[in-house]
Amino acid sequence: MNKKKKQFWLSAAAIALAVVFVLGYLFISFFDEAAPGFQTEQTTHIDIPFRADGTVTISNPQGEELYRGTIEIASTDQQREQGLMYRDSLGADQGMLFVFPAEAPQAFWMKNTRIPLDILYIGANGTIVSIAENARPYDETSLPSQAPAQYVLEIPGGMCAARGIQAGDSVSWTQD
Numbered sequence: 337m338n339k340k341k342k343q344f345w346l347s348a349a350a351i352a353l354a355v356v357f358v359l360g361y362l363f364i365s366f367f368d369e370a371a372p373g374f375q376t377e378q379t380t381h382i383d384i385p386f387r388a389d390g391t392v393t394i395s396n397p398q399g400e401e402l403y404r405g406t407i408e409i410a411s412t413d414q415q416r417e418q419g420l421m422y423r424d425s426l427g428a429d430q431g432m433l434f435v436f437p438a439e440a441p442q443a444f445w446m447k448n449t450r451i452p453l454d455i456l457y458i459g460a461n462g463t464i465v466s467i468a469e470n471a472r473p474y475d476e477t478s479l480p481s482q483a484p485a486q487y488v489l490e491i492p493g494g495m496c497a498a499r500g501i502q503a504g505d506s507v508s509w510t511q512d
C-alpha cells in the first residue's frame, strides 16, 4: 500500500473513531437519568401535602412550654418509610411524629428530604433522649438515637436551637 493510501485510511479511521465516541457520549448522556436537564418518572417533582393528625407540645422539666405544633402521625411501616420525603416546605408549627411498636435504637436519614429538620428521639416515657439538629436535605448519613426511642419527632431545622429544646425535655401529643 502506498504512503498516501495508508495515510488516508489512518485519517478515515481516526475520524470514524472520533464520531463513534461522540455519538456514544451523546447516546449515554441522553439516556442517563442523572444527566442534567433530563427528567424521568423517578425525578418528576412530587409534593405531598401536610395532613393534620394531632397536636404536639414540648415542655422543659420546669413545665414551661417550648413548642406547640400540628403533627402528621406516621404509625404504619409505609407511613414511617415515606416520612417527610418529597415535601417542599414545613411550617414552623408543623412536624411529623413517628410511632414505633416498641422502644429500640432508632436511626433516620434525609434521603429525598428537601427541607432541613431537627430530629428528636423520644423514649417510651415521652422524654427526649437525643436530638439530631439541622439534618441536611438529601443527606443519606445515618443519624442514630443516643438511647432507645419509641417515638421520633421531626420539626423544622433550627427549631430546637431557637426554642431551647434539648434532651430531657418532655413531649406529649393528642391525636385528632
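Whatever position you read off the sequence shown (first residue = 1), add 336 for this note's numbering.
Every residue, glycine too, gets a C-beta built ideally from N, C-alpha and C.
Fair warning: this is a prediction, and the values are worked out from it, not measured in the lab.
- Here Gln511 is exposed: its Cβ has fewer than 16 other Cβ atoms, across all protein chains shown, within 10 Å.
- One thing to note: Ala471 has its Cβ within 8 angstroms of the Cβ of Leu479.
- Proximity to Gly419 across Ile464, Ile491, Ala440, Gly405 peaks at Ile491, based on C-alpha coordinates.
- In the DSSP annotation of this structure, Asp383 is not part of any beta strand (DSSP E), being labelled neither H nor E.
- For Arg416, the enclosing alpha helix (DSSP H) stretches over residues 413-418.
- The criterion of a C-beta distance shorter than 8 angstroms is satisfied by Phe434 and Ala410.
- Residues of the same chain with a CB within less than 8 angstroms of the CB of Pro473, apart from the 5 flanking positions on each side, are Met446, Thr449, Arg450, Ile451, Pro452 in chain order.
- In the DSSP annotation of this structure, the continuous segment of the alpha helix (DSSP H) that includes Met495 starts and ends at 495-499.
- When secondary structure is reduced to three states using DSSP, Ile351 falls in the helix class.
- Assignment of Gln430 by DSSP, reduced to helix, strand and coil, places it in the strand class.
- Just measuring C-alpha positions, the residue of Thr477, Tyr487, Thr406, Arg423 sitting nearest Asp383 is Arg423.
- Between Gly405 and Gly431, the C-beta spacing is below 8 angstroms.
- When the five nearest sequence neighbours on each side are left out, the beta carbons in the same chain lying within less than 6 angstroms of the beta carbon of Leu426 are those of Ile451, Pro492, in order along the chain.
- For the pair Ala483 and Glu417, the Cα-to-Cα distance works out to about 21 angstroms.
- Within the same chain, and ignoring the five residues on either side of Asp475 in sequence, the residues whose Cβ sits closer than 6 angstroms to its Cβ are Met446.
- Taking the Cβ atoms as the reference, Phe444 lies roughly 13 angstroms from Ile458, outside the contact range of under 8 angstroms.
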